[in-house]
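Participant: Once you've had a glance at the structure underneath, I'll fire off some questions.
There are 2 protein chains.
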Amino acid sequence: MSDELLRALDQAGVRLTGPRREIAALIARRNGHFTAADLIADANKRRLGVGRATIFRLLDLLAEQGLVERVDLPDGRHAYVPCEPSHHHHLVCVACGAIAEVEDCGIDAVTAEASRRSGFTIESHRLELFGRCPNCRSAN
Amino acid sequence: MSDELLRALDQAGVRLTGPRREIAALIARRNGHFTAADLIADANKRRLGVGRATIFRLLDLLAEQGLVERVDLPDGRHAYVPCEPSHHHHLVCVACGAIAEVEDCGIDAVTAEASRRSGFTIESHRLELFGRCPNCRSAN
DNA sequence: GAGGACTTGATACTGGGTCTCATTGTGTGC
DNA sequence: GCACACAATGAGACCCAGTATCAAGTCCTC
Ligand SMILES: [Zn+2]
Ligand SMILES: [Zn+2]
Ligand SMILES: [Zn+2]
Ligand SMILES: [Zn+2]
């Protein structure tokens, strides 16, 4: 539920205001990835009086805390995924939007090799995998 | 030079128009990554009469042909990188924008493992590495 | 409770990118 | 070379994500 998000925010010294609780609840009841526009639409539908800006601000906050991660979809849209705050990568179903998390499984070797060949110092990386989840694959 | 881009476009059955030649020249004289806005600024500076829309349209075309690839910068901006049309990844210098290309060096093993663990069929992936090129590292 | 800092939402604004459409330019067949 | 069908162009309007501003409201502490 949204309790996790709220607890984590509280521990980070962030004020737990009414709007923030409501937006956290919206996020908790989504599954898979969502865009800022999705949340704004949700909020409008439920006639919560929260403003657009507040939603963007909370998303920034959550991203800072690593509770949510930004994903760039293949079509260029920006989406968010609720997340554990440890390093990992996302597998996104292009049909239904379902998400799976995968921990590093050999990426470090790849970055080390790339660094050796190019002479670059690598500071960060982004890996996103796109495909079809088991459900969508069988539904074809 | 821009001849490569033009030749590739020609072979793909695309009309070689004046504006397209000029934009291709602009791209050829850039090094590293660039944004659509960069090209638009270049075009304005040189008083080429090309419209914004034409630049976006050519970028789409080039991306379709794999002659240019879209990169999502860490700050969320969308940039492009001139490219070979074979699969590979980019190493982007966060200080000066220099680009190095790296071929797959073990990524396939990572995707296979992720697929095995999650049950997803993986159709595509995006890997971007961010760091500092040798120049920027020593200049510090 | 009172106070002061933080948060909020309305609104205006920016900037990337798309759409439309009348005009122009290109490649082709002759 | 020339005409023609059709693709491409550019000007401008338009749309949408995201940001900035600021007066009014809210939270937490004391
Ligand atoms: Zn995650
Ligand atoms: Zn990683
Ligand atoms: Zn799916
Ligand atoms: Zn550099």
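Chains as they are written, first to last, in this note's numbering: chain Y, 1141 to 1280; chain U, 1141 to 1280. Glycine included, every Cβ here is placed at the ideal spot set by N, Cα and C. Computed from a predicted model, the values in this text were never measured in an experiment.
1) Let me check one thing: in DSSP terms, what residues is Y:Glu1241 bridge-paired to?
2) My output table needs one value for Y:Pro1159: the three-state DSSP class, helix, strand or coil.
3) Which word fits Y:Asp1284, buried or exposed, when buried means at least 16 other C-beta atoms lie within 10 angstroms of its C-beta?
4) Using only the alpha-carbon positions, how far apart do U:Arg1272 and U:Glu1243 sit?
5) Going along chain Y, which residues have a C-beta under 9 Å from U:Asp1200?
6) Contact defined as beta carbons within less than 8 Å: I believe U:Leu1199 pairs with U:Ala1176. What is the distance between those atoms, to the nearest angstrom?
7) Could you say if the segment 1258-1276 of chain U and the segment 1215-1223 of chain U meet the contact criterion of at least three C-beta pairs nearer than 8 Å?
8) Starting from the beta carbon of Y:Ala1164, find every residue of chain U whose beta carbon is closer than 7 Å, and list them in chain order.
9) Going straight from the alpha carbon of Y:Leu1149 to that of Y:Arg1160, what length do you get?
10) Whole angstroms are fine: how far does the CA of U:Ala1238 sit from the CA of Y:Ala1235?
11) Just to confirm the assignment, what range does the beta strand (DSSP E) spanning Y:Glu1268 have?
12) Looking at Y:Leu1201 and Y:Leu1231, is the spacing between their C-beta atoms short of 7 Å?
13) From U:Arg1256 to Y:Leu1213, what does the alpha carbon distance come to, in whole angstroms?
14) Since U:Glu1253 is in the alpha helix (DSSP H), which residue starts that stretch and which ends it?
15) Could you name the residues that DSSP lists as bridge partners for U:Asp1212?
16) According to the neighbour-count rule (16 or more other Cβ atoms, all chains shown, within 10 Å of its Cβ), is Y:Glu1253 buried or exposed?
17) Which value, in whole angstroms, describes the spacing of the CA atoms of Y:Gly1185 and Y:Ala1193?
18) Within the same chain, show all residues whose beta-carbon is closer than 7 Å to that of Y:Leu1156, passing over the 5 residues directly before and after it, in chain order.
19) Determine the chain U residues that contact Y:Cys1273 at a beta-carbon separation under 9 Å, and present them in chain order.
20) When you compare the CB of Y:Ala1249 with every CB in chain U, is at least one pair closer than 7 Å?
21) From Y:Leu1267 to Y:Asp1143, what distance separates their C-alpha atoms?
22) If contact means a Cβ-Cβ distance below 8 Å, which residues of the segment 1204-1222 of chain U contact chain Y?
23) Determine the extent of the alpha helix (DSSP H) in which Y:Ala1193 is found, giving its start and end residues.
24) Let's test the definition: count the other Cβ atoms within 10 Å of the Cβ of U:Phe1196 and tell me whether it reaches 16, buried, or not, exposed.
Facilitator: The answer reads as follows:
1) Y:His1230
2) helix
3) With chain Y covering only 1141 through 1280, there is no way to say anything about residue 1284 of chain Y.
4) 18 Å
5) Simply none; closest approach about 11 Å.
6) Going by Cβ atoms, the distance from U:Leu1199 to U:Ala1176 rounds to 6 Å, so yes, they are a contact pair.
7) no
8) Per Cβ cutoff of 7 Å: no residues; Y:Ala1164 is ~23 Å from chain U at best.
9) 10 Å
10) 35 Å
11) 1261-1272
12) no
13) 22 Å
14) 1247-1258
15) U:His1218
16) exposed
17) Reading off the sequence, residue 1185 of chain Y comes out as Lys, not Gly. Near 17 Å, if we compare the C-alpha coordinates of Y:Ala1193 and Y:Lys1185.
18) Leu1146, Leu1149, Asp1150
19) Ser1258, Gly1259, Phe1260, Thr1261
20) yes
21) 29 Å
22) Arg1210, Asp1212, Pro1214, Gly1216, His1218
23) 1192-1204
24) exposed
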